[in-house]
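What follows is one structure encoded as structure tokens, with my remarks underneath.
2 protein chains.
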Amino acid sequence: MSGQRTGVLELAVLGLLHETPMHGYELRKRLNALLGAFRAFGYGSLYPCLKDLTARGLIAEDADVALDAAKPLAGRRSKIVYRLTAEGKEYLQDLLAQSGPASWEDDGFGVRFAFFGLTRADVRMRILEGRRSRLEERVEAFRAGLARTRERVDSYTLELQRHGLESVEREVRWLNELIDSERQAGPGTVGQSGEHTQGDTAATAGQWPGADSPSEK
Amino acid sequence: MSGQRTGVLELAVLGLLHETPMHGYELRKRLNALLGAFRAFGYGSLYPCLKDLTARGLIAEDADVALDAAKPLAGRRSKIVYRLTAEGKEYLQDLLAQSGPASWEDDGFGVRFAFFGLTRADVRMRILEGRRSRLEERVEAFRAGLARTRERVDSYTLELQRHGLESVEREVRWLNELIDSERQAGPGTVGQSGEHTQGDTAATAGQWPGADSPSEK
DNA sequence: GTTAGCATGTAAGGAGTTACATGATTTT
DNA sequence: AAAATCATGTAACTCCTTACATGCTAAC
Chain X
0 MSGQRTGVLE LAVLGLLHET PMHGYELRKR LNALLGAFRA FGYGSLYPCL KDLTARGLIA
60 EDADVALDAA KPLAGRRSKI VYRLTAEGKE YLQDLLAQSG PASWEDDGFG VRFAFFGLTR
120 ADVRMRILEG RRSRLEERVE AFRAGLARTR ERVDSYTLEL QRHGLESVER EVRWLNELID
180 SERQAGPGTV GQSGEHTQGD TAATAGQWPG ADSPSEK
Chain W
0 MSGQRTGVLE LAVLGLLHET PMHGYELRKR LNALLGAFRA FGYGSLYPCL KDLTARGLIA
60 EDADVALDAA KPLAGRRSKI VYRLTAEGKE YLQDLLAQSG PASWEDDGFG VRFAFFGLTR
120 ADVRMRILEG RRSRLEERVE AFRAGLARTR ERVDSYTLEL QRHGLESVER EVRWLNELID
180 SERQAGPGTV GQSGEHTQGD TAATAGQWPG ADSPSEK
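Protein sequences, first through last, are from chains X and W.
Read in numbering that gives the first Met the number 0, the first sequence has 197 at position 198, and its numbers run on one by one without any break.
Read in numbering that gives the first Met the number 0, the second sequence has 150 at position 151, and its numbers run on one by one without any break.
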């Protein structure tokens with residue numbers, strides 16, 4: 000019955016509401032600013048999710064006070080401000096403590112990374128390493144496939160694969176730098192909100208946006 | 000009633016079967032070699048899709064001849080070879096003639112590009128330009144969002160956005176090179192099967208780093 | 001003779017998407 | 001007063017995922 004969503008959207012909503020309460024419209028903008036490069040959500044996804052989270056007691060709705068004070072009419076639809084409940088905070092921490100495949104697949108990784116500031120250092124490391132080896136598998140599969148079908152591929156297919164491979168390799172380099180950076184920061188850093196060495200994770204980055212893929216068992 | 004799938008998978012299956020008939024297992028491998036960087040499909044997606052395409056008469060099943068000749072036992076489940084029917088070819092051409100949003104969104108673009116060899120030059124151009132402006136929009140949205148929430152972002156969020164932005168910009172550059180390349184090839188090139196000018200769509204020329212060119216075999 | 005890979009499927013359902021619908025508030 | 005943007009939703013649908021189930025064939 001209850002939705003019991005476990006997707007990217009749910010995590011992103013909880014994570015954003017952890018910062019500060021917001022209403023739906025603003026939430027959606029922040030969402031797409033945060034994850035803009037990877038995916039975008041519409042209201043048709045967001046509001047049902049908010050409803051579901053509310054039903055599960057993880058978030059709660061408040062009426063927008065300023066607005067209601069100004070125009071205390073009955074029956075009017077006021078802005079709704081969502082905030083994280085105590086259960087919601089707990090649930091969020093549970094989600095952020097996990098480091099399974101879902102956290103390093105294309106879909107999940109972006110959001111998980113966005114909330115690394117709330118994530119324990121050891122979990123961060125497992126996720127970064129998980130993603131790296133996932134990408135390395137992909138490079139392997141790529142080369143294998145290329146070897147098998149090396150004749151009869153037209154130049155567009157080839158170019159697509161070249162670009163894809165390069166993107167993945169770029170992301171691997173990026174991850175390597177992040178991992179180094181994490182190690183230097185020392186394994187004790189819990190990372191509650193802000194400043195992780197901030198040195199130069201500046202690298203370049205792979206993977207064009209929006210990719211997603213299940214695992215190859 | 001009938002599935003009427005219009006997704007990435009369907010197009011990819013039809014496109015691959017246009018090259019040569021295959022059975023499901025092989026199809027899946029080729030699929031994941033082709034699109035490996037973007038997404039992967041399991042059998043649970045593939046076989047229902049094949050079934051649906053068969054029901055719609057776009058592909059047809061043949062028994063694997065070599066196998067059946069060798070062991071003509073009754074009741075045994077033989078390998079099934081799928082091939083594109085005449086209707087299937089026509090339908091594929093229809094799909095490849097389209098250049099709407101679906102063809103430049105993240106999901107669709109990869110597959111469409113993979114089959115550019117079967118796509119008319121003007122359609123190719125519209126898709127490339129469509130995707131580019133889509134990405135440019137995204138860059139804009141990004142910068143806007145960044146300006147609005149510039150304070151109170153922790154360094155991970157910032158790093159994610161920097162990486163995302165850089166990825167998008169990189170793809171824009173790639174598209175620019177492809178578009179230039181297309182223009183130089185002349186707008187008359189139809190690109191039926193293989194060889195589309197074959198000149199240098201590989202604008203980035205250099206083979207990928209560790210390309211290793213498998214030493215014979 | 002048992003692992004690994006080849007090969008084909010089904011049932012149930014999840015995570016969003018699309019299209020639609022409505023009203024309030026601010027800007028021009 | 002029109003247009004843009006803020007703000008909130010719903011119903012129907014789709015494409016795909018997950019988990020399961022089966023059996024053949026080649027290699028070690």
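Even for Gly, the Cβ is constructed at its ideal location relative to N, Cα and C.
Keep in mind it's a predicted model, so treat the numbers as computed, not measured.
Contact between GLY14/W and TYR155/X is ruled out by a C-beta separation of about 11 Å, above the 8 Å threshold. Distances from the CA of VAL110/W to each of PRO100/X, GLY129/X, LEU91/X and LEU157/X were compared; the closest alpha carbon is that of LEU157/X. Under the Cβ criterion of 9 Å, HIS17/W is not counted among the residues facing chain X. A check of alpha carbon separations from ARG27/X across VAL167/X, ALA11/X and ILE178/X identifies ALA11/X as the nearest. Counted as a single uninterrupted DSSP element, the alpha helix (DSSP H) harbouring ASP105/X occupies residues 105–113. A straight-line Cα-Cα distance of about 11 Å links ARG29/X and GLU18/X.
A residue is called buried when at least 16 other Cβ atoms come within 10 angstroms of its Cβ; SER98/X meets this threshold and is buried. Annotated three-state conformation of ASP63/X is coil, per DSSP. Here the stretch 162–172 of chain W lies against the stretch 35–51 of chain X, with 3 or more beta-carbon pairs under 8 Å apart. Of the candidates ASP51/X, ALA54/X and ASP63/X, the residue whose Cα lies closest to the Cα of GLU25/X is ASP63/X. Nearest CB-CB separation between GLN183/X and chain W: not below the 9 Å threshold. Within chain X, no C-beta atom comes less than 9 Å from the C-beta of GLY107/W; the nearest is roughly 10 Å away.
In the three-state reduction of the DSSP assignment, ARG55/W falls in the coil class. ASN175/X sits exposed, since fewer than 16 C-beta atoms from the chains shown fall within 10 Å of its C-beta.
Note that the C-beta distance between GLU168/X and ARG133/X is not below 9 Å. When secondary structure is reduced to three states using DSSP, VAL171/X falls in the helix class. Taking 8 Å as the cut-off between beta carbons, the residues of the stretch 85–115 of chain W near chain X are GLU104, ASP105, ASP106, GLY109, PHE112, ALA113, PHE114 and PHE115, in sequence order. In the three-state DSSP reduction, VAL80/X falls in the strand class (E or B). By the rule that beta-carbons nearer than 9 Å mark a contact, ALA32/X touches chain W. Apart from the 5 residues on each side of it in sequence, ARG137/W sits with its Cβ closer than 7 Å to the Cβ of VAL167 in its chain, given in chain order. With a contact defined as Cβ atoms closer than 8 Å, GLU128/W and ILE178/W qualify at about 7 Å. In summary, ARG172/W is exposed, with fewer than 16 beta-carbon neighbours lying within 10 Å of its beta-carbon over all protein chains present. Inside the stretch 3–59 of chain W, DSSP marks whole alpha helix (DSSP H) runs of 4 or more residues at positions 7–18, 23–34 and 42–54, from first to last along the chain.
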